[in-house]
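To start, the structure under review is shown below, and the notes come after it.
There are 2 protein chains.
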Amino acid sequence: MDNLDRGILDLLRQNARAGYGDIGSIVGLSASAVKRRVDRLVADKVIRGFTIQVDPSIDGMSTEAYVELFCRGTVAPDELLRILSGVPEVVDAGTVTGSADAIVHIRARDIPGLEAALEKVRLAPNVDHTRSAIVLTRLIHRSAE
Amino acid sequence: MDNLDRGILDLLRQNARAGYGDIGSIVGLSASAVKRRVDRLVADKVIRGFTIQVDPSIDGMSTEAYVELFCRGTVAPDELLRILSGVPEVVDAGTVTGSADAIVHIRARDIPGLEAALEKVRLAPNVDHTRSAIVLTRLIHRSAE
DNA sequence: GATGAAACCTAACCTTT
DNA sequence: AAAGGTTAGGTTTCATC
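Protein sequence lines, in the order shown, are assigned to chains A and B. The numbers in the first sequence follow UniProt numbering, run straight up by one, and end at 145. The numbers in the second sequence follow UniProt numbering, run straight up by one, and end at 145.
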């Protein structure tokens with residue numbers, strides 16, 4: 001993890017489709033060297049994935065909920081991650097302190113979409129029950145990066 | 001904007017580097033047809049950009065909490081917005097159904113930073129109390145949040 | 001939806017430190 | 001060894017039909 005890696009990450013944050021050659025000509029490496037570093041960053045889980053930013057209003061994905069996940073016994077974070085990463089409606093999730101085991105932020109097209117996503121989340125192992133708080137008015141949204 | 005577009009968006013959300021041919025074989029279109037649709041979605045600003053999800057521990061803002069906000073009496077969403085917009089650590093917030101008035105997602109550099117942000121939220125006149133769930137393991141973070 | 005040229009990705013091999 | 005460069009081949013993209 002050096003300044004070259006950070007430069008590559010910055011460029012990919014701005015455009016995840018940039019070619020290796022284009023990235024290399026900016027950070028000062030050959031295309032191959034950039035590819036090797038990107039592959040390593042993905043293997044090391046520094047880059048968790050490649051995704052798109054979608055306009056929520058145009059897409060109609062405006063129904064949101066914060067869902068507390070209560071599990072039986074111990075929960076392996078890796079197992080939760082495996083299940084949740086397969087649900088595209090899950091925008092954000094983490095295991096937390098307090099009585100709930102995890103909190104999951106879901107965004108769906110409408111209430112039926114929310115319910116369907118919730119069903120998929122409940123497939124996670126050892127889930128006892130969930131408690132949802134549906135978002136009425138979205139107040140703040142600051143982009144993560 | 002039809003179900004084909006939505007299917008393409010879902011696939012790109014999971015892997016923005018998926019090839020047009022791969023996407024087409026899933027949604028039932030040729031590679032060319034998929035490219036035309038993706039190009040249109042980008043031109044129409046439905047897709048705002050292609051980006052990567054980076055391990056938050058890299059950028060040094062890795063301490064997070066979900067905070068339930070309980071206010072005295074009835075509080076208008078505008079009032080809550082006024083309170084929360086003065087706290088830059090607030091990444092995401094909305095009024096919700098349930099006993100809490102709002103849920104606030106805070107991201108800070110460390111625990112003292114988190115506490116300082118919470119203090120700023122609590123100083124607001126109508127805030128009665130807060131209940132925080134500190135994030136232990138970040139499972140999902142899609143930057144399209 | 002299909003076609004063909006151009007661009008790109010990828011892996012193997014070579015050079016340098 | 002470790003990290004970057006070069007080259008060749010296969011695949012994908014992209015414009016055109």
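Glycine included, each C-beta is placed from N, C-alpha and C at the ideal position.
Check                                                                                                                                                                                                 : Outcome
Between L81 (chain B) and L139 (chain A), which are expected to be in contact by the criterion C-beta below 8 Å, what is the C-beta distance as a whole number of angstroms?                          : 5 Å
Classify I52 (chain B): buried if its beta carbon has 16 or more other beta carbons within 10 angstroms, exposed otherwise.                                                                           : buried
Going along the chain, which residues of its own chain have a beta-carbon closer than 7 Å to the beta-carbon of R17 (chain B), five neighbours each way excluded?                                     : none
Under 8 Å between C-beta atoms, does R138 (chain A) make it to chain B?                                                                                                                               : yes
Helix, strand or coil for A124 (chain B) per DSSP?                                                                                                                                                    : coil
Please classify E89 (chain B): does DSSP put it in a helix, a strand, or coil?                                                                                                                        : coil
Based on Cα-Cα distance, which residue from A:L84, A:I103, A:V135 lies nearest to L123 (chain A)?                                                                                                     : A:L84
Quick one: Cα of T137 (chain A) to Cα of T95 (chain B), how far?                                                                                                                                      : 5 Å
Just the C-alpha distance for D39 (chain B) and R72 (chain A), rounded to the nearest angstrom, thanks.                                                                                               : 46 Å
Distance cutoff 8 Å, beta carbons only. Does D39 (chain B) sit that close to anything in chain A?                                                                                                     : no
Please go through the same chain and pick out, in chain order, the residues whose beta-carbon is closer than 8 Å to the beta-carbon of I103 (chain B), but skip the five residues on each side of it. : Y66, V67, E68, L69, A93, G94, V96
Just grab the DSSP bridge partners of E68 (chain B) for me.                                                                                                                                           : B:I103, B:R131
By the 7 Å beta-carbon criterion, what residues does the stretch 52-63 of chain A contribute toward chain B?                                                                                          : I52, Q53, V54, D55, I58, D59
Buried or exposed, going by whether 16 or more other CB atoms sit within 10 Å of the CB of I111 (chain B)?                                                                                            : exposed
From E64 (chain B) to G28 (chain B), what distance separates their C-alpha atoms?                                                                                                                     : 41 Å
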